[in-house]
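This report refers to the structure that appears directly beneath it.
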Amino acid sequence: MTTSSRWINLAPSQLQPAKLRTLANDAGLEARRTSDGGWRVCVQEDYRRTQSPLLRSERASAADPASFSRLTELFDAPIGVSSLTQAGHAKVRQQQTPSALAAQFQLEFMFTPGRQLADAMRAFLSERATLLDGPASEIHVVLSDSALPRRANFPRILTSLAFQKEELPAIGGEVGKLFPAAQGLTQDVSIGALTFVLPALSAASPKVLGVAAVRLLACGVWLFGQALNDADWPSNRLTDALLPTARFDNPKGRATTPSVDNTGPYLSWWVQRSAELLRIATDPAGFKDEQGFYAPTRHLAFIASLGRLYRDTAEAMRSNSHSVALRAAYDALDCLEGMRWNAFDNSTNPSKIRKVLERLRETLPSPVAEVALPLCERAARALEEVRDGFITRSRHYSTDGLVEMPGKGGQQNISWDKAVQMYIRLDRNSAHSFGKIEEDPLDRSLLFAHEGVIPGDLCYLPFLHLMDMLVNCERLQVQLSKRR
1 MTTSSRWINL APSQLQPAKL RTLANDAGLE ARRTSDGGWR VCVQEDYRRT QSPLLRSERA
61 SAADPASFSR LTELFDAPIG VSSLTQAGHA KVRQQQTPSA LAAQFQLEFM FTPGRQLADA
121 MRAFLSERAT LLDGPASEIH VVLSDSALPR RANFPRILTS LAFQKEELPA IGGEVGKLFP
181 AAQGLTQDVS IGALTFVLPA LSAASPKVLG VAAVRLLACG VWLFGQALND ADWPSNRLTD
241 ALLPTARFDN PKGRATTPSV DNTGPYLSWW VQRSAELLRI ATDPAGFKDE QGFYAPTRHL
301 AFIASLGRLY RDTAEAMRSN SHSVALRAAY DALDCLEGMR WNAFDNSTNP SKIRKVLERL
361 RETLPSPVAE VALPLCERAA RALEEVRDGF ITRSRHYSTD GLVEMPGKGG QQNISWDKAV
421 QMYIRLDRNS AHSFGKIEED PLDRSLLFAH EGVIPGDLCY LPFLHLMDML VNCERLQVQL
481 SKRR
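Residue numbering for the sequence shown follows the UniProt record's numbering, starting at 1 and increasing by one per position.
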């Protein structure tokens, strides 16, 4: 990662100088007074020429006992365990089914005190992971730096100041110590390890290959080298399983479950690239107004959108409902357009998606490609299957696209790429009802020229675009620097 000392000017703040410095330092930023009495701010790791990733992963394996020692960094706040959870933990601890072992892992990771976690995870793998058949398992812990949520809250607080006149309470180092002003505007800012890992975990297997558990600043992932075949998870829902990703019919059959040999490096790559994306997204220097001053509201909107993109992508991949998955996918594609990464029509254009897929195929390391590309391929194929759904006996059908389609400006011919993206946009807009087809003859003709089936694999399209964003983080940085 290349670093640069990039300072950005701050507009006059209602904060007292000491409070502004404290707020900036908590977020991993350097705040300085200028000679004219103004303020400048810069990311500390850029200013100090150090590298401090906001997200990183550690691997712990029974084959490497020393690897567990790194887990002792999880000294986060104590977590209270309810009597119900304690009773449930005792119940599943007596069972030896794979689903019960998954529940045990989640409970051990979530509720073991930080200083004891390394020993607990070491014991867990040595005592209970051996009950699983198949390859040796390993644990990955994804750690988010404490500066990450604070850096996300930096523009949140400055934005809130613009909406209220009351005095800001003292700001300490506690994560999430905010005041009520503008909560409705900013409540969707969710920053944490699990947010940025869940799409990767959802893609890691056609069936359940591993389970995730979340702490305050960390996400633990247990990869046990085989798919779980038993669907009888504990009825009290003590654990959240990673739902199957290959749940919809696929003419080529079910994808094979990737091995730990590929899934581990893939997860590490995902975390490293997400850390780079977060470094760019949380840097105030990328969000200037027309006068060259920091624009906290614009910054807040982008961070909230990035979190929304990850969550919608994961929801699209994890839902067992075709319609719910599709709606989440449309939301993610809309979010990409709003972030100015890719317009909705471009992101649903079959030929353009094929080019994105080929670039990924040429760029991705082999283990990453083995895990991620099968789902990306299914997304690209789903777009092509939308084209296959146009009715061949329709008078508008031709080998090159739809012909003599009526419109307000007269008849027109539409290429297949354009017809596909127009039909998907029409389906997405149906969330607002189909009422407008009465007014638009083109939409009406397009609707009745198609069989009306949207392939389930279209839900993987946001994942393909997220992979493209992770590969091309630097392009995002260039875009932000040009945006005013």
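Ideal Cβ positions, reconstructed from N, Cα and C, are used throughout, including at glycine.
Just so you know, these numbers come straight off a predicted model, no measurement behind them.
Might you give, ordered along the chain, the residues of its own chain that have their beta carbon closer than 6 Å to the beta carbon of Lys-352, omitting 5 neighbours on each side? Answer for Lys-352: Asn-346, listed in chain order.
Take the Cβ of residue 490 as the centre, count every other Cβ of all protein chains shown within 10 Å, and call the residue buried at 16 or more, exposed below. With the chain running from 1 to 484 in the structure shown, residue 490 is simply not present.
Where Asn-413 falls: helix, strand or coil (DSSP): Correct three-state label for Asn-413: strand.
Straight-line CA distance for Arg-318 to Ala-129? The alpha-carbon atoms of Arg-318 and Ala-129 are separated by roughly 25 Å.
Find the nearest neighbour of Pro-367 within the set Ile-414, Tyr-266, Arg-340, judged by alpha-carbon distance. Per the C-alpha coordinates, the member of Ile-414, Tyr-266, Arg-340 positioned closest to Pro-367 is Tyr-266.
Cβ atoms of Leu-223 and Thr-263: under 7 Å apart, would you say? Yes, the Cβ-Cβ distance between Thr-263 and Leu-223 is below 7 Å.
Using 10 angstroms around the beta-carbon of Thr-297, count the other beta-carbons present and answer buried if the total reaches 16, otherwise exposed. Flag for Thr-297 reads buried.
Among Phe-105, Ser-433, Arg-215, nearest to Asp-145 - alpha-carbon criterion: Ranking Phe-105, Ser-433, Arg-215 by CA distance to the CA of Asp-145 puts Arg-215 first.
Going by DSSP, what residues sit across from Asp-64 in a beta bridge? The partner list for Asp-64 (beta bridge, DSSP) reads Ser-61.
I'd like the ranges of any alpha helix (DSSP H) spanning at least 4 consecutive residues and lying wholly in the segment 356-389. Within the segment 356-389, the complete alpha helix (DSSP H) runs of at least 4 residues are 366-388.
I'd like to confirm something about Trp-341: is its beta-carbon nearer than 6 Å to some heavy atom of the ligand COA, or not? By its list of ligands, the structure shown contains no ligand whatsoever, and the ligand COA lies outside what it can speak to.
Under three-state DSSP, which class holds Ala-316? Here Ala-316 sits in helix by DSSP.
Taking Cys-376 as the reference, give the member of Val-271, Cys-473, Leu-71, Arg-361 with the closest Cα. Measuring C-alpha to C-alpha distances from Cys-376 to each of Val-271, Cys-473, Leu-71, Arg-361 identifies Arg-361 as the nearest.
What are the partner residues of Met-405, as DSSP defines its beta bridges? The partner list for Met-405 (beta bridge, DSSP) reads Gln-412.
First and last residue of the alpha helix (DSSP H) that includes Val-197? Going by DSSP, Val-197 is part of no alpha helix (DSSP H) at all; its letter is neither H nor E.
Going along the chain, which residues of its own chain have a beta-carbon closer than 7 Å to the beta-carbon of Gln-96, five neighbours each way excluded? Within the same chain, Cβ atoms closer than 7 Å to the Cβ of Gln-96 are found at Leu-131, the five residues on either side in sequence being excluded.
Backbone secondary structure at Arg-273 - three-state DSSP: In the three-state DSSP reduction, Arg-273 falls in the helix class (H, G or I).
Would you decide whether Gln-411 is buried or exposed? Buried here means 16 or more other CB atoms lie within 10 Å of its CB. Gln-411 should be labelled exposed.
Between the Cα of Glu-127 and those of Arg-93, Arg-151, Ile-157, spot the shortest distance and give me the residue it belongs to. Closest option to Glu-127, Cα to Cα, is Arg-93.
Does DSSP put Ile-8 in a helix, a strand or coil? If DSSP states are grouped into helix, strand and coil, Ile-8 belongs with the strands.
Checking 7 Å against the spacing of the C-beta atoms, do Leu-447 and Ala-419 come in under that value? Not in contact: Leu-447 and Ala-419 (Cβ atoms no closer than 7 Å).
I'd like the span of the beta strand (DSSP E) that includes Glu-30, first residue to last. For Glu-30, the uninterrupted beta strand (DSSP E) segment begins and ends at 29-33.
Return the residue from the list Leu-143, Ser-69, Ala-60, Ala-103 that minimises the CA-CA distance to Leu-125. Comparing Cα-Cα distances from Leu-125 to each of Leu-143, Ser-69, Ala-60, Ala-103, the minimum goes to Ala-60.
My guess is that Leu-336 and Leu-357 are in contact by the Cβ rule of under 8 Å, so how many angstroms apart are they, rounded? With 8 Å as the limit, Leu-336 and Leu-357 do not qualify as a contact, their Cβ atoms being about 16 Å apart.
How many angstroms separate the CA atom of Arg-49 from the CA atom of Val-324? Approximately 45 Å, taken between the alpha carbons.
In or out: Gly-409 buried (at least 16 other Cβ within 10 Å) or exposed? It is exposed - the Cβ of Gly-409 has fewer than 16 other Cβ atoms within 10 Å.
Beta-carbon separation of Leu-442 and Gly-407 under 7 Å? Leu-442 is a Cβ neighbour of Gly-407, given a cutoff of 7 Å.
Bridge partners of Leu-55, per DSSP? Its beta-bridge partners are Ser-144.
CA-to-CA distance, Ser-430 to Cys-473, given in whole angstroms: Roughly 33 Å between the two C-alpha positions.
Residue nearest to Asp-36 in terms of C-alpha spacing, selected from Leu-278, Asn-9, Ala-120, Ala-90: Comparing Cα-Cα distances from Asp-36 to each of Leu-278, Asn-9, Ala-120, Ala-90, the minimum goes to Asn-9.
From Glu-45, Pro-53, Ala-24, pick the residue whose C-alpha is nearest to that of Trp-39; which is it? Ala-24 is the residue among Glu-45, Pro-53, Ala-24 whose C-alpha sits nearest the C-alpha of Trp-39.
Contact check, Phe-196 vs Ser-274, beta carbons under 7 Å: Inclusion of Phe-196 and Ser-274 in the CB contact set at 7 Å is warranted, their separation being smaller than that value.
With burial defined as no fewer than 16 other Cβ atoms inside 10 Å of the residue's Cβ, what is the status of His-432: buried or exposed? His-432 should be labelled exposed.
Quick check: Ala-379 and Tyr-460, are their CB atoms within less than 7 Å of each other? Their beta carbons are under 7 Å apart, which means Ala-379 touches Tyr-460 by this criterion.
For Gly-307, count the other beta carbons within 10 Å of its own beta carbon; 16 or more makes it buried, fewer makes it exposed. Which is it? Gly-307 comes out buried.
Range of the contiguous alpha helix (DSSP H) that encloses Val-324: The continuous alpha helix (DSSP H) containing Val-324 extends over residues 322-338.
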